[in-house]
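2 protein chains.
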Amino acid sequence: MTETKSRRRGAELEQAILDAAWAELNDVGYAALTIEAVAARAGTSKPVIYRRWPGRAELVLAAWARQRPKPVPATDMGSLRADLIALFNRIARRAEGMMSEVVAGVMGEAFRHPEVAEILRERLRTAPLGDWVNGIVERAVERGELPPVTVPPRAARMPIDLIRNETMMSGGPITETDIAEFVDDVYLPLLRGLAASPG
Amino acid sequence: MTETKSRRRGAELEQAILDAAWAELNDVGYAALTIEAVAARAGTSKPVIYRRWPGRAELVLAAWARQRPKPVPATDMGSLRADLIALFNRIARRAEGMMSEVVAGVMGEAFRHPEVAEILRERLRTAPLGDWVNGIVERAVERGELPPVTVPPRAARMPIDLIRNETMMSGGPITETDIAEFVDDVYLPLLRGLAASPG
DNA sequence: CCCTTAAGAAACGCAACGTATCTTAAAGGT
DNA sequence: ACCTTTAAGATACGTTGCGTTTCTTAAGGG
């Protein structure tokens with residue numbers, strides 16, 4: 731009971747609401763999340779929330795935005811293949827959990843609310859996957875595993891899109907086997923093909 | 731007023747309901763589709779629907795399943811690149827429209843109802859993209875555009891997953907430019923890489 | 001022709017929506 | 001220290017759609 735019984739305002743209150751929304755997301759997920767429950771959890775009332783966000787999607791996206799993405803460290807595993815597997819594994823782990831349900835849920839509403847779609851796209855576009863892939867490829871070139879090669883943005887962005895798709899479609903976690911298969915059957919061949927035909 | 735005023739039963743009634751659900755999907759989309767509206771449109775009542783399907787997702791999936799997918803004709807455009815662009819374009823056109831909203835909407839519920847997720851996955855897995863890609867690749871090999879190559883299932887499945895992802899994320903239609911970029915920057919390099927490293 | 005089955009109509013309680021009203025606490029200026 | 005503005009919080013509202021229950025009655029098979 732460290733509660734100040736006093737009445738919160740402005741930023742302080744806003745943080746409390748977003749925290750409550752985040753906690754609620756973790757507890758019941760997006761589909762079952764209600765504004766009333768968030769209000770109750772934050773110790774406030776519905777109108778206070780509706781004064782700030784138009785609806786559930788915007789509230790959730792705001793709560794999500796507050797969670798700072800933990801950086802994906804670029805570990806040198808010694809080989810191109812191992813580096814790729816490690817990177818995609820880290821991306822997959824991050825995509826699992828609640829994220830995919832939130833993304834799927836928000837996407838369902840995004841078709842009716844274009845501005846929500848825009849926020850969601852913005853949020854998902856941030857990941858600098860291109861940089862990570864390029865770093866790994868550069869190391870591979872230095873090692874002599876690969877001829878010099880430039881990876882087009884589309885090719886760099888591809889894995890994260892596929893992993894997100896797979897996570898949402900399968901529901902369950904993506905196994906290391908899946909990722910190894912993807913690396914061996916798709917991404918390594920692609921990199922070799924890019925290296926062969928000069929861009 | 732061609733209405734038989736009589737009381738429909740069994741299969742006949744079921745078809746009418748599924749037709750109504752499909753029409754409703756086209757009119758208001760998945761998010762706004764209600765069982766009551768479908769019942770009204772079919773000229774029946776809610777319990778009749780609930781006796782057959784547990785909820786909205788199952789009803790919609792059943793209605794969707796009734797729409798037979800028009801076959802994607804394999805047109806020979808004269809070159810590997812043109813064949814791929816044509817194929818991916820046809821897939822993209824098919825994925826647009828209501829489909830992506832339905833997929834997104836159903837996916838949002840799928841996390842709470844694993845059996846729905848399974849039906850959805852089943853539905854999306856049917857497309858024999860692998861065959862089409864292999865057909866195109868074989869023609870390219872015959873033309874001498876490509877060394878003999880076997881395309882792993884994962885590599886064959888990849889475009890349709892990416893196109894679906896892109897359709898849902900962007901909301902709008904996928905342009906021919908997007909597809910050409912994908913073919914030039916990703917898929918052709920991948921095929922060349924697969925051809926280079928024997929599987 | 002009867003008897004089983006299921007369609008259809010109506011109403012239910014429930015949950016959450018989004019809004020409106022009103023009181024009262026907080027913040028800030030003078 | 002007071003007074004004014006702002007907004008928090010409580011409460012209640014009407015609405016919608018849910019999924020279910022009850023009951024009547026039409027259809028179809030034996």
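Just so you know, the sequences run in chain order A and B.
Position in the first sequence (from 1) plus 730 gives the number in our numbering.
Position in the second sequence (from 1) plus 730 gives the number in our numbering.
Every residue gets a Cβ at the ideal spot worked out from N, C-alpha and C, and that includes glycine.
Can you confirm whether residue i, when its beta carbon is compared against all beta carbons of chain A, has any partner nearer than 8 Å?
| i | result |
| --- | --- |
| B/Glu754 | no |
| B/Met829 | no |
| B/Asp948 | Missing from the structure shown is residue 948 of chain B; chain B here goes from 731 to 929 and no further. |
| B/Glu733 | With a pLDDT of only 47 at B/Glu733, under 50, the local geometry of the prediction cannot be trusted, and the value read off the model is given with reservation. For B/Glu733, the answer is no, since every Cβ of chain A falls outside 8 Å of its Cβ. |
| B/Asp891 | yes |
| B/Ala847 | yes |
| B/Pro858 | no |
| B/Asn791 | In the sequence under discussion, the amino acid at residue 791 of chain B is Leu, which differs from the Asn named in the question. It does not; no Cβ of chain A falls within 8 Å. |
| B/Pro824 | Before going further, note that residue 824 of chain B is Arg rather than Pro in the sequence given. Chain A, which has no Cβ nearer than 8 Å to the Cβ of B/Arg824, makes this no. |
| B/Leu920 | yes |
| B/Leu924 | yes |
| B/Asn895 | yes |
Assuming contact is defined by CB atoms lying nearer than 8 Å, are residue i and residue j in contact in what I supplied?
| i | j | result |
| --- | --- | --- |
| A/Thr897 | A/Ala822 | yes |
| B/Ala787 | B/Val846 | yes |
| B/Ile866 | B/Leu918 | no |
| B/Arg781 | B/Ala750 | no |
| A/Pro903 | A/Glu826 | yes |
| A/Leu876 | A/Leu791 | no |
| A/Gly923 | B/Gly923 | yes |
| B/Thr764 | B/Leu743 | no |
| A/Asp813 | A/Arg884 | no |
| B/Arg873 | A/Asn895 | no |
Please report the Cβ distance between residue i and residue j, rounded to the nearest whole angstrom; I am assuming they are in contact, meaning their Cβ atoms lie under 8 Å.
| i | j | result |
| --- | --- | --- |
| B/Ile890 | B/Leu859 | 5 Å |
| A/Asn819 | A/Glu911 | About 13 Å separates the two Cβ atoms, so there is no contact after all. |
| A/Ala886 | A/Val916 | Contact doesn't hold; Cβ gap of about 14 Å is too wide. |
| B/Leu854 | A/Leu892 | So it is not a contact: roughly 14 Å between Cβ atoms. |
| B/Ile747 | B/Ile815 | No, B/Ile747 and B/Ile815 are not in contact; Cβ-Cβ is about 40 Å, not under 8 Å. |
| A/Ala926 | B/Ala926 | 6 Å |
| B/Gly838 | A/Gly838 | 4 Å |
Any Cβ of chain B within less than 8 Å of the Cβ of residue i?
| i | result |
| --- | --- |
| A/Met807 | no |
| A/Asn819 | no |
| A/Ser927 | yes |
| A/Pro801 | no |
| A/Pro784 | no |
| A/Gly874 | no |
| A/Arg869 | no |
| A/Leu810 | no |
| A/Arg853 | no |
Can you give me the Cβ contacts of residue i inside the same chain, cut-off strictly under 8 Å, excluding the 5 residues immediately before and after it?
| i | result |
| --- | --- |
| B/Ala767 | Glu754 and Val758 |
| B/Ala761 | Glu831 and Gly835 |
| B/Asn756 | Met828 |
| B/Trp783 | Leu789 and Ala792 |
| A/Val802 | Leu817, Arg820, Ile821, Arg824 and Trp862 |
| A/Val913 | Arg811, Leu814, Ile815 and Phe818 |
| B/Ser736 | none |
| B/Gln797 | Trp752 |
Near residue i, which residues of its chain fall below 6 Å by C-beta distance, leaving aside the five closest residues on each side in sequence?
| i | result |
| --- | --- |
| B/Gly929 | In this prediction, B/Gly929 scores a pLDDT of 49, lower than 50, which makes its location untrustworthy; the coordinate-derived value is nonetheless stated afterwards. Excluding positions up to five away in sequence, the list reads Thr880. |
| B/Leu810 | Ala870 and Glu875 |
For residue i, which residues of its own chain have a beta-carbon under 7 Å away from its beta-carbon, when the five flanking residues on both sides are left out?
| i | result |
| --- | --- |
| A/Thr732 | Reliability of the predicted coordinates at A/Thr732 is poor, the pLDDT of 41 falling under 50, and the value obtained from them is presented with this limitation in mind. Taken in chain order, the list of residues that qualify is empty. |
| B/Thr805 | Ala816 |
| B/Arg738 | Ala746 |
| B/Gly808 | none |
| B/His843 | Ala787 |
| A/Ala795 | Arg853 |
Give a single yes or no on whether residue i has its beta carbon closer than 7 Å to a heavy atom of the ligand MG.
| i | result |
| --- | --- |
| A/Ala926 | Among the ligands in the structure shown, none appear at all, so the ligand MG cannot be discussed. |
* Quick one, which residues of the region 901–917 of chain A are near chain B if we go by CB-CB under 7 Å, in chain order? -> Along the region 901–917 of chain A, going in chain order, the ones with a CB nearer than 7 Å to a CB of chain B are Gly901, Glu911, Phe912, Asp915 and Val916.
* Which of the residues in the region 832–845 of chain B, read from start to end, lie with their CB under 8 Å from any CB of chain A? -> Flagged, chain order: Ala834, Gly835, Met837, Gly838, Glu839, Ala840, Phe841, Arg842 and Pro844.
* Residues in the region 876–887 of chain B having any Cβ partner in chain A nearer than 7 Å -> Pro882, Arg884 and Ala885
* With 9 Å as the limit, tell me which residues of the region 755–781 of chain A have their beta carbon closer than that to any beta carbon of chain B; keep them in chain order. => Gly759, Tyr760, Ala761 and Ala762
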